[in-house]
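> So that we are looking at the same thing, I have put the structure below in structure tokens.
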Amino acid sequence: MSTVPFDINTFSRRILGRCRLWGTILRISIQERIVYRGDFMLGTLMRFLPIVTQMFLWAAVFAAVPGNSGGETRIVGYRYQDMVAYYLLTMLSRAFSSMPGLASGITREIREGGIKKFLIQPIGLLEFLFFYRVAHKLVYYSIAAVPFAIVFYLCRGFFLHTPHGWEWAAYVASLIMAFLLGFFLEATIGLLGFWFLEVSSLLFIYMLLSFFFSGHMFPIDMLPQPFYTIVRMIPLQYLAYFPSAVFLGKVRGEELVMGLLIQAAWVVTFMVLAKLTLQRGLKRYSGFGG
Amino acid sequence: MSAIEICNLSKTYRVSRKKEGLWAAVRGLLRPEYEVIHAVRSISLTVERGEFVAFLGPNGAGKTTTLKLLSGIITPTAGTATVLGHVPWKRENSYRRRFALVMGQKNQLWWDLPAAESFRLHQQIYQIPPDQFTRTRDELTEMLGVRHLIHRPVRELSLGERMKMELIAALLHSPEVLFLDEPTIGLDVVAQYTIQQFLREYQAKKKTTVILTSHYMKDVAALCRRVVVIFDGRIIYDGSLSSLVDHLGAYKIITIRFANGTPAGDLGRFGQVILREPPRIKLRVPRTEATEIVRAILAQYTAEDVSVEDPPLEELIATLFTSAHRTGEESLVPSPLHSLDE
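Taken in sequence, the protein lines are chains A and B.
Residues 1 to 290 (my numbering) make up the first sequence, in order.
Residues 1 to 342 (my numbering) make up the second sequence, in order.
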């Protein structure tokens, strides 16, 4: 192909063709996901249950803290309202960054041979899975939007700080990057299935670490030193904690810009890592016997 | 130019050898033992454009491995191959747009959606121009008689209908080379026949180069003039189906319907009686003596009907494989046979 001179027409036609392919994957995946809307509906409802327990738990914790005077008690800088707002926001972050079935799906495709399709047809596995996941999320949001809106409206009193102006843009950017990071991170884990036929225990460890260090369980800035510093160096916080912190105005100015840049860097890192893992994996797969 | 050229192609796998028992399992963890499997042993083969070739062989003989090599799913241990001038395992998109692989046991269609949607996706994957796409799709659905089914979710289709949809999906981009791995596996006789007819018609029209592996000899007999028999990773026969039958068929089957019931006397002296269903008798006789024996029978009895046939193909192939197993080497089919049809 290197002998073909660059031609802007061929190039733009190719780009256009690619976009049409992505559009088609998206459209068809949306249709497919809609088949499972009932399952989604139930899943969304279940998501709100833990938050109620969290509210009771933290209410009890705050009440037990000595020197309690109304709503102004703070635990490591968090008021009760901040805490509830944090959990609600984390739920939203995770609606972007969690990738149910991605890693295990990839491993299954490898084990059962469905991966062959991507060796035979002129389409990339990651490319396909990405748009499939986007479709999955879009269908999910369209169904979950109503319950989410109701819950956030009911809990509006807990939000003592809401973003304004540029903070909104930063928040949306951090959510989108949380999605990208979640996708490439879990795809990489799934692609390890080329070496280990079963990644479920690996995935379990990842989920466990993620639960603690993404900020899903509690805000990570509550951690004492040196754990806080360590946790800040690994990418998991960008899946849940960071977007919520942006929304709550806990990171601002230069720190916010740096945070977004580091998040972007992690996205690129895992994107490259996923690609490399796929390449090496396919090489191994085709050497081994398909 | 030939469509497919294979030269000394080999594929060797290493699989870990698991022994029985707990102690052996523990030892296996510490010092794994491997077993080398020669799936394909230095095969060479040329297929011209527009040929319809069958790969025959027992399970594990290397047929599917060869197809996997030719479609670029696996890389060989040694040797070379080109398909349409491309090295398959480089997996260039320019090659991937020109061939298709259909595996009878693998499902490529979206289970919960109508086949029409999977076809749309294939249109985009293979960048098929819209008018060509519509034309090809309508032509193929017409030929297979499934036009009315393309808007029904795939999961609601029968196995045969699904296979037809799989074929259509694979042919939408008009591949120049088509690999079919057991395309009629598990199908009922009617569906098998429809697919056979379709493949024959399609191939005659488009002059596609086709390699087919199948366990159904009917598929092979109906479709392929050239047969490549693979056994234990080697090609042990390459030539026409008819000369394979001639060579293997050391016996002929004589069926006689006698005019007035089964005659008295021992028919066993003419040959081996394999069916006694008065007034019909089936005899297995040595091929060279068949005419002689028919004459002798007719001289002694009055017959309503006499036919002389080759034994069923399945039986022949089974004989071929069992004797190959016994001799274990390629010496089974004498070498002159290799070039019988060239």
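Every residue, glycine too, gets a C-beta built ideally from N, C-alpha and C.
Run through DSSP, which three-state label would V199 (chain A) get?
Numbered from its first residue, the first sequence carries residue 199 (chain A) at position 199. Reduced to three states, the DSSP call for V199 (chain A) is coil.
> For Q203 (chain B) versus L223 (chain B), is the C-beta spacing smaller than 9 Å?
For the purposes of this step, residue 203 (chain B) is taken as residue 203 along the second sequence, with counting starting at 1. For the purposes of this step, residue 223 (chain B) is taken as residue 223 along the second sequence, with counting starting at 1. Contact: yes.
> Start and end of the beta strand (DSSP E) containing M103 (chain B)?
Working through the second sequence from its first residue, we reach residue 103 (chain B) at position 103. Where M103 (chain B) is concerned, the enclosing beta strand (DSSP E) stretches over F99 to M103.
> Taking 9 Å as the threshold (beta carbon to beta carbon), is E32 (chain A) in contact with chain B?
The sequence position of residue 32 (chain A) within the first sequence is 32, counting from 1. Closer than 9 Å to some Cβ of chain B, the Cβ of E32 (chain A) qualifies, so yes.
> Is the CB of G190 (chain A) under 9 Å away from at least one CB in chain B?
For the purposes of this step, residue 190 (chain A) is taken as residue 190 along the first sequence, with counting starting at 1. For G190 (chain A), the answer is no, since every Cβ of chain B falls outside 9 Å of its Cβ.
> For chain B, find out if any of its Cβ atoms is closer than 9 Å to the Cβ of G281 (chain A); answer yes or no.
Sequence index remark: in the first sequence, residue 281 (chain A) carries index 281 (1-based). Not closer than 9 Å to any Cβ of chain B, the Cβ of G281 (chain A) fails to qualify, so no.
> As a quick exercise: from A:F242, A:I189 and A:I205, pick the residue whose alpha carbon is nearest that of G215 (chain A).
For the purposes of this step, residue 215 (chain A) is taken as residue 215 along the first sequence, with counting starting at 1. Nearest option by C-alpha distance: A:F242.
> Just to confirm my understanding: we take V333 (chain B), look at its own chain, exclude 5 residues before and 5 after, and list those with CB closer than 6 Å. What are they?
Taking the first residue of the second sequence as 1, we reach residue 333 (chain B) at position 333. With a pLDDT of 45 at V333 (chain B), under the threshold of 50, the modelled position of this residue cannot be trusted; read the value that follows with caution. Correct list, in chain order: I236 and Y237.
> Quick check on L340 (chain B) - is its C-beta less than 9 Å from some C-beta in chain A?
In the second sequence, the residue the question calls residue 340 (chain B) occupies position 340. With a pLDDT of only 35 at L340 (chain B), under 50, the local geometry of the prediction cannot be trusted, and the value read off the model is given with reservation. Cβ-Cβ to chain A under 9 Å: no for L340 (chain B).
> With DSSP as the reference, label T82 (chain B) as helix, strand or coil.
Within the second sequence, residue 82 (chain B) is the residue found at index 82, counting from 1. In this structure, T82 (chain B) counts as strand in the three-state DSSP scheme.
> Specify whether the stretch 176–191 of chain B and the stretch 103–111 of chain B touch according to this definition: at least 3 beta carbon pairs, one from each stretch, less than 8 Å apart.
The stretch 176–191 of chain B is in contact with the stretch 103–111 of chain B.
> Would you give the residue range spanned by the beta strand (DSSP E) that G124 (chain A) belongs to?
Locating residue 124 (chain A) in the first sequence gives position 124, counting from the first residue. Careful: G124 (chain A) lies outside any beta strand (DSSP E) and carries neither H nor E.
> Whether or not the stretch 264–275 of chain A and the stretch 181–192 of chain A are in contact is what I'm after, with contact meaning three or more pairs of Cβ atoms, one per stretch, closer than 8 Å; do they touch?
yes
> Identify whether T10 (chain A) lies in helix, strand or coil by the three-state DSSP scheme.
Stepping through the first sequence from its first residue, residue 10 (chain A) is reached at position 10. Note: T10 (chain A) maps to helix in three-state DSSP.
> To the nearest angstrom, how far is the alpha carbon of T66 (chain B) from that of L144 (chain B)?
Within the second sequence, the letter at position 66 stands for residue 66 (chain B). Within the second sequence, the letter at position 144 stands for residue 144 (chain B). Near 28 Å, if we compare the C-alpha coordinates of L144 (chain B) and T66 (chain B).
> Residues of chain A with a CB under 8 Å from the CB of E126 (chain B): which are they?
Stepping through the second sequence from its first residue, residue 126 (chain B) is reached at position 126. Checking the sequence shown, residue 126 (chain B) turns out to be Tyr, not Glu. Those are Q121 and P122, listed as they occur along chain A.
> Less than 8 Å between C-beta atoms, sequence neighbours within five positions excluded: which residues of the same chain meet that for I143 (chain A)?
In the first sequence, counting from the first residue as 1, residue 143 (chain A) sits at position 143. The residues are R37, F40, M41 and T44.
> Pull up the CB-CB distance for Y238 (chain A) and L175 (chain A), whole angstroms please, since I reckon it's below 8 Å.
Walking along the first sequence from the start, residue 238 (chain A) turns up at place 238. Walking along the first sequence from the start, residue 175 (chain A) turns up at place 175. Not really, about 10 Å apart at Cβ, beyond 8 Å.
> Using a beta-carbon distance below 9 Å, is S2 (chain A) in contact with chain B?
In the first sequence, residue 2 (chain A) corresponds to position 2, counting from 1. Residue placement at S2 (chain A) is poorly supported in this model, since its pLDDT is 47, which falls under 50; the coordinates are not used for a value here.
> Do V154 (chain B) and L113 (chain B) have their beta-carbon atoms positioned less than 9 Å apart in this structure?
One-based indexing of the second sequence puts residue 113 (chain B) at position 113. One-based indexing of the second sequence puts residue 154 (chain B) at position 154. Yes.
> Of all the options A:Y228, A:F128 and A:L236, which has the alpha carbon lying nearest to the alpha carbon of I25 (chain A)?
Taking the first sequence and counting its residues from 1, the one referred to as residue 25 (chain A) is at position 25. Closest option to I25 (chain A), Cα to Cα, is A:F128.
> Less than 9 Å between the C-beta atoms of D310 (chain B) and R257 (chain B), yes or no?
On the second sequence, position 310 is the one that residue 310 (chain B) refers to. On the second sequence, position 257 is the one that residue 257 (chain B) refers to. No, Cβ-Cβ distance for D310 (chain B) and R257 (chain B) is not below 9 Å.
> Could you tell me whether the Cβ atoms of I125 (chain B) and I123 (chain A) are closer together than 9 Å?
If you number the second sequence from 1, residue 125 (chain B) lands on position 125. If you number the first sequence from 1, residue 123 (chain A) lands on position 123. Yes, these two residues count as a Cβ contact at 9 Å.
> Specify, as a first and last residue, the run of the beta strand (DSSP E) that A303 (chain B) falls within.
Taking the second sequence and counting its residues from 1, the one referred to as residue 303 (chain B) is at position 303. In the DSSP annotation of this structure, the continuous segment of the beta strand (DSSP E) that includes A303 (chain B) starts and ends at A303 to E309.
> Look up H122 (chain B) in the DSSP assignment and say whether it is helix, strand or coil.
Mapped onto the second sequence, residue 122 (chain B) falls at position 122. It is helical.
> Given a threshold of 16 other Cβ atoms within 10 Å of its Cβ, counted over all protein chains shown, does V47 (chain B) qualify as buried or as exposed?
By 1-based counting over the second sequence, the position of residue 47 (chain B) is 47. Classification of V47 (chain B): buried, given that the 10 Å Cβ count is 16 or more.
> Bridge partners of K218 (chain B), per DSSP?
Taking the second sequence and counting its residues from 1, one reaches residue 218 (chain B) at position 218. According to DSSP, which records beta bridges pairwise, K218 (chain B) is partnered with nothing at all.
> What do you get for W168 (chain A), buried or exposed, if any count of 16 or more other CB atoms within 10 angstroms of its CB means buried?
Along the first sequence, read from residue 1 onward, the residue named residue 168 (chain A) stands at position 168. W168 (chain A) comes out exposed.
> Taking M217 (chain A) as the reference, give the member of A:Y285, A:F204, A:R111 and A:Y86 with the closest Cα.
Counting from 1 along the first sequence, the entry for residue 217 (chain A) is found at position 217. For the residues A:Y285, A:F204, A:R111 and A:Y86, the minimum Cα distance to M217 (chain A) belongs to A:Y86.
> Tell me the residue span of the alpha helix (DSSP H) that contains V26 (chain B).
Translated into the one-based positions of the second sequence, residue 26 (chain B) becomes position 26. Here the alpha helix (DSSP H) through V26 (chain B) covers L22 to L30.
> I want to see whether chain A comes within less than 9 Å of D112 (chain B), judged by CB atoms only; does it?
Taking the second sequence and counting its residues from 1, one reaches residue 112 (chain B) at position 112. Against chain A, the CB of D112 (chain B) has a partner CB under 9 Å away; the residue lies at that interface.
> Across the stretch 116–125 of chain B and the stretch 160–174 of chain B, are there enough close Cβ pairs to call them in contact, namely three or more that are closer than 8 Å?
Cβ pair count under 8 Å is three or more, so yes.
> Could you name the residues of the same chain whose beta carbon sits closer than 6 Å to that of L275 (chain B), not counting the 5 residues immediately before and after it, in chain order?
Translated into positions along the second sequence, residue 275 (chain B) becomes position 275. The residues are K282.
> Could you have a look at L340 (chain B) and say whether DSSP puts it in helix, strand or coil?
Translated into the one-based positions of the second sequence, residue 340 (chain B) becomes position 340. The pLDDT assigned to L340 (chain B) is 35, lower than 50, so where the model puts this residue is not dependable; a value taken from the coordinates is nonetheless given after this. L340 (chain B): coil per DSSP, three-state reduction.
> Around the Cβ of S270 (chain B), are there at least 16 other Cβ atoms within 10 angstroms (buried) or fewer (exposed)?
Stepping through the second sequence from its first residue, residue 270 (chain B) is reached at position 270. In the sequence as presented, Ser is not what sits at residue 270 (chain B); that position holds Phe. Buried: at least 16 other Cβ atoms inside 10 Å.
> Tell me, please, whether the CB atom of F288 (chain A) is closer than 9 Å to any CB atom in chain B?
Within the first sequence, numbered from 1, the residue matching residue 288 (chain A) stands at position 288. True, the Cβ-Cβ gap to chain B drops below 9 Å.
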